[in-house]
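Enquirer:
2 protein chains.
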Amino acid sequence: MNALGKHLLLELKDCNKEVLNDLNLLREVLLSAAEEAGATVVGESFHKFAPQGVSGTIIIAESHIFLHTWPEYGYAAVDIFTCGDTVKADVAAELLMERLESKDPTIIEMKRGVSIS
Amino acid sequence: MNALGKHLLLELKDCNKEVLNDLNLLREVLLSAAEEAGATVVGESFHKFAPQGVSGTIIIAESHIFLHTWPEYGYAAVDIFTCGDTVKADVAAELLMERLESKDPTIIEMKRGVSIS
Chain A
21 MNALGKHLLL
31 ELKDCNKEVL
41 NDLNLLREVL
51 LSAAEEAGAT
61 VVGESFHKFA
71 PQGVSGTIII
81 AESHIFLHTW
91 PEYGYAAVDI
101 FTCGDTVKAD
111 VAAELLMERL
121 ESKDPTIIEM
131 KRGVSIS
Chain B
21 MNALGKHLLL
31 ELKDCNKEVL
41 NDLNLLREVL
51 LSAAEEAGAT
61 VVGESFHKFA
71 PQGVSGTIII
81 AESHIFLHTW
91 PEYGYAAVDI
101 FTCGDTVKAD
111 VAAELLMERL
121 ESKDPTIIEM
131 KRGVSIS
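These protein sequence lines are chains A and B, in that order.
Take 21 as the starting number for the first sequence in our numbering and just add one per residue.
Take 21 as the starting number for the second sequence in our numbering and just add one per residue.
#1: Per DSSP, Ser75 (chain A) forms a beta bridge with which residues?
#2: Can you tell me whether DSSP reads Lys108 (chain B) as helix, strand or coil?
#3: Would you give the residue range spanned by the alpha helix (DSSP H) that Ala23 (chain A) belongs to?
#4: Does any CB atom of chain B fall closer than 9 Å to the CB of Leu24 (chain A)?
#5: Contact check, Asp34 (chain A) vs Ser122 (chain A) under 8 Å by CB: the rounded distance?
#6: Determine whether the Cβ of Met130 (chain A) lies closer than 9 Å to any Cβ atom of chain B.
#7: Assess, as a yes-or-no matter, whether the region 49-64 of chain B is touched by the region 52-61 of chain A under the definition of 3 or more beta carbon pairs within less than 8 Å.
#8: With a cut-off of 9 Å, does the C-beta of Lys29 (chain A) fall near any C-beta of chain B?
#9: Return no unless some Cβ of chain A is closer than 9 Å to the Cβ of Ile79 (chain B).
#10: Which chain A residues sit within Cβ distance under 7 Å of Ala59 (chain B)?
#11: Classify Ser135 (chain B) as buried or exposed, calling it buried when 16 or more other Cβ atoms lie within 10 Å of its own Cβ.
#12: Beta-carbon of Ala97 (chain A) versus every beta-carbon of chain B: anything under 9 Å?
#13: Give the interface partners of Glu64 (chain B) over in chain A, defined as CB-CB distance under 8 Å, in chain order.
#14: Give the interface partners of Ser122 (chain A) over in chain B, defined as CB-CB distance under 9 Å, in chain order.
#15: Measure the alpha-carbon distance for Ala112 (chain A) versus Val39 (chain A) and round it to whole angstroms.
#16: So, under 8 Å CB-CB, Leu29 (chain B) and Met130 (chain B) are touching, yes? Tell me the CB distance rounded to an integer number of Å.
#17: Excluding sequence positions up to five away, which residues of its chain have a Cβ less than 8 Å from the Cβ of His25 (chain A)?
#18: Is it buried or exposed, Thr77 (chain B), if we count other Cβ atoms within 10 angstroms and call 16 or more buried?
#19: When we look at the beta-carbon of Ala70 (chain A) and count the other beta-carbons within 10 Å, is it buried (16 or more) or exposed?
#20: Just confirm the distance between the C-beta atoms of Asp105 (chain A) and His27 (chain A), as a whole number of angstroms; I'd bet it's less than 8 Å.
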């Protein structure tokens, strides 16, 4: 099935709560994930919430990685959206699950822009 | 069903191709969508690709709006991710479909962080 984009939606439960509340560490993790996946970073934006939680995105030339964390629940929602065949989204997903220390991760894969001709 | 986040995935086909390639206009549209939805903008990042296409995100206090455009196909992928009950994600979705002039829009709604207790 022809698609412009591949979109991985990660539901990361039972993560390390301290990691989920550390903006600098999460930024480093997202940049590492992009690098390991072979992506080219072109923009980023991170925000720390009070009393807790982090939202962050990096825009990559081949699309984006997005993360929202709820340290109080040990939960992170992560999206990895890629287009083309050069970026290894699965590698980025593996790294994020490992670095956030999720003991109960699930991944949904969606195809975006299907049947565009 | 209890969920931390509501995630709308918009597949906007048959859009106005000139709009899809205009970074400044798309930025204004995303900010308007956030404002109309009652969201609080806390960060943003936009990037224009060569020869065409735009990626942009705004991080809102209640989560994010993300957009990728492929002017050559008249297609835009838009994500609206919200948490809490104060942001009207549907209002943002309607505004985006209208401003990008999509003649063939579809929306998928996902719940994120389900059954976190």
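Cβ atoms here follow ideal geometry from the backbone N, Cα and C, with glycine treated the same way.
Expert: Here's the rundown:
#1: Answer by DSSP bridge pairing, in chain order: A:His67, A:His88.
#2: coil
#3: It is not in any alpha helix (DSSP H) - Ala23 (chain A) instead sits in the beta strand (DSSP E) that spans 23-33.
#4: yes
#5: The C-beta distance from Asp34 (chain A) to Ser122 (chain A) rounds to 6 Å, short enough to fall under 8 Å.
#6: Answer yes: the Cβ-Cβ gap between Met130 (chain A) and chain B drops below 9 Å somewhere.
#7: no
#8: Here the sequence assigns Leu to residue 29 (chain A), which means Lys is not the residue at that position. Taking Cβ atoms only, chain B reaches closer than 9 Å to Leu29 (chain A), which makes this a yes.
#9: yes
#10: Ordered by position in chain A, no residue passes the 7 Å Cβ test against Ala59 (chain B), which lies about 12 Å from the chain.
#11: exposed
#12: yes
#13: Ser65
#14: Those do not exist, as Ser122 (chain A) stays about 13 Å from chain B at its closest Cβ, beyond 9 Å.
#15: 17 Å
#16: 7 Å
#17: Before going further, note that residue 25 (chain A) is Gly rather than His in the sequence given. If we look at Gly25 (chain A) and ignore the five residues flanking it on each side, its Cβ neighbours are Ser83, Phe101, Thr102, Cys103, Lys131, Arg132, Gly133.
#18: buried
#19: exposed
#20: Not confirmed; about 15 Å, so no contact.
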